[in-house]
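Protein chains in written order, with the working numbering: chain A, 1 to 521; chain B, 1001 to 1521.
In this text, a Cβ means the ideal position worked out from N, Cα and C, and glycines have one as well.
Okay, so here's the structure we're looking at.
Number of protein chains: 2
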Amino acid sequence: MRGGESILRALTACGVDTCFTNPGTSEIYLVQAFDRVPTVRPILALFEGVATGAADGYGRMTKKPALVVLHLGPGLANGIANLHNARRARTPLLCVIGDHATYHKPYDSPLETDIDSLAKPVSNWFHRSLRTEDLVEDAMSAYNATLRAPGRVATLVVSADLTWTDHPGTTVPSIEHNPTQVKPAWEENALEETIKALRSGESCTLLLGGPALEEKGLLAASRIANSFKAKILCEMLPAKQQRGTGLPALERLAYLGELAMSQLDGTRHLILVGAKAPVSFFAYPDKPSYLVPEGCTVHTLATADEDPAGALEAISETLGLDPATATLQPPSNMDLPTGRLTPETVAQAIGALLPEGAIVSDEGNTSGIFVYQATAGAPRHDWLCLTGGAIGQGLPLATGASVACPDRKVLCLESDGSAMYTIQSLWTQAREGLDVVTVILNNRSYAILKFELARLGGGSPGPIANHLLELSPPDLDFVSIANGLGVEAGRATTAEEFVVQLKKAMAEQRPYLIDAILERS
Amino acid sequence: MRGGESILRALTACGVDTCFTNPGTSEIYLVQAFDRVPTVRPILALFEGVATGAADGYGRMTKKPALVVLHLGPGLANGIANLHNARRARTPLLCVIGDHATYHKPYDSPLETDIDSLAKPVSNWFHRSLRTEDLVEDAMSAYNATLRAPGRVATLVVSADLTWTDHPGTTVPSIEHNPTQVKPAWEENALEETIKALRSGESCTLLLGGPALEEKGLLAASRIANSFKAKILCEMLPAKQQRGTGLPALERLAYLGELAMSQLDGTRHLILVGAKAPVSFFAYPDKPSYLVPEGCTVHTLATADEDPAGALEAISETLGLDPATATLQPPSNMDLPTGRLTPETVAQAIGALLPEGAIVSDEGNTSGIFVYQATAGAPRHDWLCLTGGAIGQGLPLATGASVACPDRKVLCLESDGSAMYTIQSLWTQAREGLDVVTVILNNRSYAILKFELARLGGGSPGPIANHLLELSPPDLDFVSIANGLGVEAGRATTAEEFVVQLKKAMAEQRPYLIDAILERS
C-alpha cells in the first residue's frame, strides 16, 4: 500500500469521514487515494483559511476531527489564522501537511520553508513522519491527540516520498474509540471548595465556558445559582453554547473591559467552570488587563479540559437540588421589525425568524452585538463564536458546521470587513449545496477600529486615518461577489426588505447571502 | 513624541513613502500617526496577503522598501505566503507587526500568539523592540536591513504600549542613504575562472538570475555568449527581468525538470550569474532533484547578493568585447489572433498589444506558458515571476507594482485557481485607481495538479480526485466578482472577443479585468 493511502485508511479506521483541503503537488498521493478510500468525503476550498475554518466548524459540531490537507509551508501559513481560532476553541482538528520529499529538502527549491516553526504555535501536538511504514501509527497518534478532551489541534507533516512509497506489509488495525481524557473529570476538593464558597453567603459568580455550555451544564448551573442567589456569566467567546427556549439564558461577559468589570462588580467568589479568569481582549493605557475585581477569590471548579458540566451536576446532586428549579427561557415571540435597517432591527428580525435547531456562526462584531440578546428566546440553537479573535472565521466555520449537520439551518452573521478575509467560502457552500444563510452586516467600515482608537485615548481619527478605516469607496457589492462565487444573494436597505430576504432564505435549503446595508450612524 | 509617530518619522527620514496595511487595535497608534506624517501614503488592503504581496511588487520596481503594517500573529500569518515569495525574490520589504502591550502578553488573551516563531522563517532580519526610546533606531536598523543587496525582508515587532507611550526626547536624525552592500561586488578569481572556462573551447552556459537580468547585464551576457558561442539561460522564476525589443531575449529554464535537463544537455561549464544551480521545483520518483548534467563543472561568477551584471560587464571589458556584438531582439509585430480562445491565442494577442513600458505580473501557470515567448519581441517591459511558488502572488504584486510606477501599464496574468487566493486585491486597485489589467486564464481547474499527478506516476486521477482538482461546478464568474469589488470587467470566449477586451483595457488608465474563458483541452 502506498503511504498516501495508508494515512487515509488509518484515519478512516479511526472514524474520520471528512477532509477539507486545498492540495498541491506534495499531497497528490493523498488526493489520489481518495478514490481508493471513498468513505472519506473530500471537500475543496479555494483558500486554505477556508479549509481550516471549516474543519473547526465541523469539529465543534461533531466533537470529532475532520482531516485538513495543506500544501507545504505557504499552504499551512494561509490556514494558520483559523487554526489559531480552532486551538483557542479546543476543537479536535487533524492537519496533515505535505512537505517536499525528504531528499529534496536540502536543495532549497522555491517552496522550501520551515514548516515546523510555522506549525508549532497553532498545534497542540506536532509530529514529522520519518518512514512510510510509520504512517499508520503516526496518523492514529495524531487522531488520538485531537481527542484529548475537549479537543486539540494535531499536525502531522508527511514528506511526499513517504506518500508515494509502497509499503507492502501495511495493515490497518480496527480500533476501539477511547477519546483520551487525560485529566480527571474534576478535582474532588474543587467541588468542596466551590460548595463552601456558595454557602459563604458572600456574592458568587459562576463563569461558564467550554463544555460547561451544554444543556446539562446550563441546567445544573441555573439550579445552583438560584439556590444560592449566585450570578451566572458566560465566557466572552464560547466555542459553542446551547441556547434558546427551554434552556437557561446566560449573560455573556462583555468585550469591553469596563463593561466586563461592571458585570463582575461586587463578586467575592468567582467560580470558574470551563472558563479562564477574565482578561481584557486588548490592553489599554491605564486600564487593567486582569478583570477580576480586587478582593475577589477565584475558584476553579473544573477546567475546560476536565468535565465542567459534570462537575456542576455533581454539585447539584450533592446538594440535592430540585431539577425543576432551573430558570428556563420562555419563547420570546418577537415582532418583526419595520423602518430603518440598523443593528437593532437586524437583530429583531433574526430573533423573530431563527428556526429550531439553527447553528449561528457569529462574526458580526460591532454590528452584531444585539443579535445575541435578541435570540435568547428563539427556538433551541447553537451559538459559535470567534474564539481566537482572528477575523475571517465566520464564513468557513459556517461552512464546516453545515457539512457536519446537513439537516440544520446555519446562520452566518458576518461583518463586511471580516467577510472579505475568507469570502471564498461561499464557493464551497455552493459546490456542496450547503444550507447556510449569510447575513453581511454591511456598515462600510472597520467600525471597531474607530471605536478602539477613541478608547485607546487616540481621540477621533484624522482624515487620513479615518479613510484607512473606511471600507468605501468603492462600496463592496456582496450580491455581485456572492453571485460570482455561485451563491444566490439579495440586498436589504430597510427592515422590511431584510425580513423579506430572511424569510426567503430561511424557507430554502441552500446557500443564500443577504447584503444588509446598515444605516450609517 | 508617541512611539507610533516616531516609527513613521524615522522611516520617512529613510525615504519610506508607502505603507500597505490591514491594521488592528494593536497598531492603532501607527494608524493615528499617518495624519501627523502625511509623507507616507497608507494603502488599505482587505487581507494581509494583499498587503505583503503589494509591498513585494513595490519593492521589486523601486528597489526600496514599502512598509507593511500587520496585526499580531494571525495578521502576520495571513501575509506569510507572500512574504515567503518576497524573501525568495530578494525584495526590500519592511514589516512592522503590532503585538499586545508587553504587560498584557502573559494573560494569554485570545489573539496572543508566538509571533517570533511565525515571522522568522520568512524574515532575513528580525527584531522585537523593547523600549519606546529605541523605536527610531530599531526602525532605521530594520530599514537598513532591507537594503542589504539586492534586498531583504526585515520584520520588527512592536508592542502596543511602546507605540502609545510618549517619549519627549525623541529626535529623528536626517540620514544619508547608503544601501549596505555587505559582500564585494564580485570575486576577482571568479572572473578569471569564468574567462578560463569560456576560453576552454568546451560548451558553456551562462545562467542569469536576480540583478543580472537588467539591461547592462543582459547586454554584456549577450556579447560574451556571442564571442564564445556560449548559451544563455534565464533562471526559472526571476524576480524581475527586463525584456522586449532592443534587448537580448533569453530562453528561460523550464519548470519541468526533464525539459530543464534537455536545455542544459551537453553543457560542460555552467556559469552562475546571480542564479543558483538549477534544482527541480518538486521531487519526482526516480527523477533527479539536482539538474546540473553529470560531468558539468559549476562556476559562480557572482551571486545575486553581489553585482552579477557588473561582473558580466567587467568580463566584457576585460576581454575588450565590442558593445555592438550583442544580439538585440527585433520587434515581432505579431498579428492579432482569430478563432478559438486558447492559451496560444491569448498569448498572441498579448504579444501584439503589450504597450511600451508595461510591467507583467506573471501568475499564469499552465495556461500562461505561451505568453512569455509571445512577448519576447514586444516593446520594452519588465517581467515579474512567482519567485517562491506560493500562489496568490500575482494580483497583489501587480497592485504594488502599479503603486510604484503609476505611469506604466501593469498586466497581471492570472489563472483562475491562483486568482481566488488574493482576489481582494482588486478592491485596492479600484480604491487607488490603479492602471492594472488583469487577465484571468480561466480553465476551470487546477490543471497543473492533474498534470503533476500523471507526472508523479499516479496515472489519471479517479473520479473523486478529478472532481477535487476541478474548479467547476459552480463556475467562477470573475466579471461578477470584479464588479463586486469595484473593478469593471468583461468576458471573452473567442480570440476576437479577447482582442476587443484587451484593446479596451489597454486604452484606459484604470483597473480592468478580463475573464478569458479558455477552451477546455
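What residue range does the beta strand (DSSP E) around residue i cover?
i, result
"B:Leu947", "Chain B is shown from 1001 up to 1521; residue 947 of chain B falls before or after that span and cannot be answered."
"B:Pro1042", "1041–1044"
"A:Ile195", "Where A:Ile195 is concerned, there is no enclosing beta strand (DSSP E), although the alpha helix (DSSP H) it sits in stretches over 188–199."
"A:Arg243", "241–243"
"B:Thr1146", "That residue, B:Thr1146, is in no beta strand (DSSP E); its alpha helix (DSSP H) goes 1135–1146."
May I ask you to report which of helix, strand or coil DSSP gives residue i?
i, result
"B:Phe1498", "helix"
"A:Leu395", "helix"
"B:Cys1405", "coil"
"A:Ile232", "strand"
"A:His381", "strand"
"A:Gly462", "coil"
"A:Leu156", "strand"
"B:Thr1438", "strand"
"B:Ile1423", "coil"
"A:Ser361", "strand"
"A:Tyr290", "strand"
"A:Glu356", "coil"
"A:His84", "helix"
"B:Leu1453", "helix"
"A:Gly433", "coil"
"B:Leu1411", "strand"
"B:His1167", "coil"
"A:Asp322", "coil"
"A:Gly79", "helix"
"A:Gly389", "coil"
"B:Arg1340", "strand"
Just curious, the alpha helix (DSSP H) that residue i is in, first and last residue?
i, result
"B:Leu1264", "1257–1264"
"B:Ala1051", "1048–1062"
"B:Val1346", "1343–1353"
"A:Ser418", "416–419"
"B:Thr1318", "1308–1318"
"A:Phe20", "Element bounds for A:Phe20: not the alpha helix (DSSP H) but the beta strand (DSSP E), 18–21."
"B:Asp1116", "1115–1119"
"A:Ala13", "3–14"
"B:Gln1032", "1028–1033"
Give me whichever residues DSSP pairs with residue i in a beta bridge.
i, result
"B:Ile1271", "B:Leu1206, B:His1299"
"B:Glu1470", "B:Ser1445"
"B:Ala1066", "B:Leu1093"
"A:Glu488", "A:Tyr512"
"A:Phe126", "A:Thr155"
"B:Glu1214", "Note: B:Glu1214 sits in no beta bridge, so no partner."
"A:Val279", "A:Tyr290"
"A:Glu251", "A:Leu233"
Please report the Cβ distance between residue i and residue j, rounded to the nearest whole angstrom; I am assuming they are in contact, meaning their Cβ atoms lie under 8 Å.
i, j, result
"A:Leu30", "A:Thr165", "Rounded, the Cβ-Cβ distance is 13 Å, inconsistent with contact."
"A:Ala390", "B:Leu1111", "7 Å"
"A:His84", "B:Pro1023", "A:His84 to B:Pro1023, Cβ: 18 Å. No contact."
"B:Arg1009", "B:Val1172", "5 Å"
"A:Thr422", "A:Gly53", "6 Å"
"A:Leu411", "A:Gly364", "About 10 Å; that fails the 8 Å criterion."
"B:Leu1453", "A:Gln32", "6 Å"
"B:Phe1034", "A:Leu468", "7 Å"
"B:Thr1143", "B:Leu1011", "The displayed chain sequence assigns Tyr, not Thr, to residue 1143 of chain B. Confirmed, Cβ separation roughly 6 Å."
**Asked** Got a sec: which bits of the segment 1245–1268 of chain B sit with their beta carbon under 9 Å from any beta carbon on chain A, in order along the chain?
**Response** none
**Request:** With 8 Å as the limit, tell me which residues of the segment 91–103 of chain A have their beta carbon closer than that to any beta carbon of chain B; keep them in chain order.
**Result:** His100, Ala101, Tyr103
**Asked** Between the segment 285–313 of chain A and chain B, which residues of the former have a C-beta closer than 9 Å to a C-beta of the latter?
**Response** Pro285, Ser289, Tyr290
**Request:** Report the residues of the segment 1366–1392 of chain B with a CB closer than 9 Å to any CB of chain A, ordered along the chain.
**Result:** Leu1386, Thr1387, Gly1388, Gly1389, Ala1390, Ile1391, Gly1392
**Request:** With 9 Å as the limit, tell me which residues of the segment 1406–1425 of chain B have their beta carbon closer than that to any beta carbon of chain A; keep them in chain order.
**Result:** Residues passing the 9 Å Cβ filter: Gly1417, Met1420, Tyr1421, Thr1422, Ile1423, Gln1424.
**Message:** Can you pull out the residues from the segment 1143–1172 of chain B whose beta carbon lies closer than 8 Å to at least one beta carbon of chain A?
**Reply:** Ala1160, Asp1161, Trp1164
**Request:** Note down, in chain order, all residues in the segment 1437–1455 of chain B with a beta-carbon under 9 Å from any beta-carbon belonging to chain A.
**Result:** Tyr1446, Ile1448, Leu1449, Glu1452, Leu1453, Arg1455
**Residues in the segment 30–41 of chain A having any Cβ partner in chain B nearer than 7 Å** = Val31, Gln32, Phe34, Asp35, Pro38
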